[in-house]
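Here the structure comes first, spelled out in structure tokens, and everything after it is commentary.
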Amino acid sequence: MGGEGRMRALVGLAVAMFLGIAVYLRIWTIDYSISSDDTDLLRRQFDLASREAMDKSAEWRLKYDEQVEKVTECVNELQEVHISFFLNDRFISEM
Numbered sequence: 001m002g003g004e005g006r007m008r009a010l011v012g013l014a015v016a017m018f019l020g021i022a023v024y025l026r027i028w029t030i031d032y033s034i035s036s037d038d039t040d041l042l043r044r045q046f047d048l049a050s051r052e053a054m055d056k057s058a059e060w061r062l063k064y065d066e067q068v069e070k071v072t073e074c075v076n077e078l079q080e081v082h083i084s085f086f087l088n089d090r091f092i093s094e095m
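Pasting the structure below:
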């Protein structure tokens, strides 16, 4: 029983190593030659994507800033209302 399980593990390890080496050799044989036209195209595409991302980021930042202003106004108004209710309650209780 112990020897049979060990043999099965060794066979599994050998198969896994063989498949790993096969994948490594396949990746190693891929031709990675890229022409200068391809590099220019890739650079232009990257620059365009980068500019679009910066524009979108600026747009979302502006929306965030607008919402912060609105929330700050609301908080200030709520504080004023709270203070006025507190003062009115105090005034009424003193009467």
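Quick note: the sequence shown, position 26, residue 26 per the UniProt record's numbering, numbers continuous.
No residue lacks a Cβ here, since even glycine has one placed at the ideal position from N, Cα and C.
query                                                                                               : result
Do you know how far the Cα of M17 is from the Cα of Y32?                                            : 25 angstroms
Given this structure, state the Cα-to-Cα distance separating L62 from S93, to the nearest angstrom. : 47 angstroms
Note down the Cα distance separating G12 from G5, rounded to an integer number of angstroms.        : 11 angstroms
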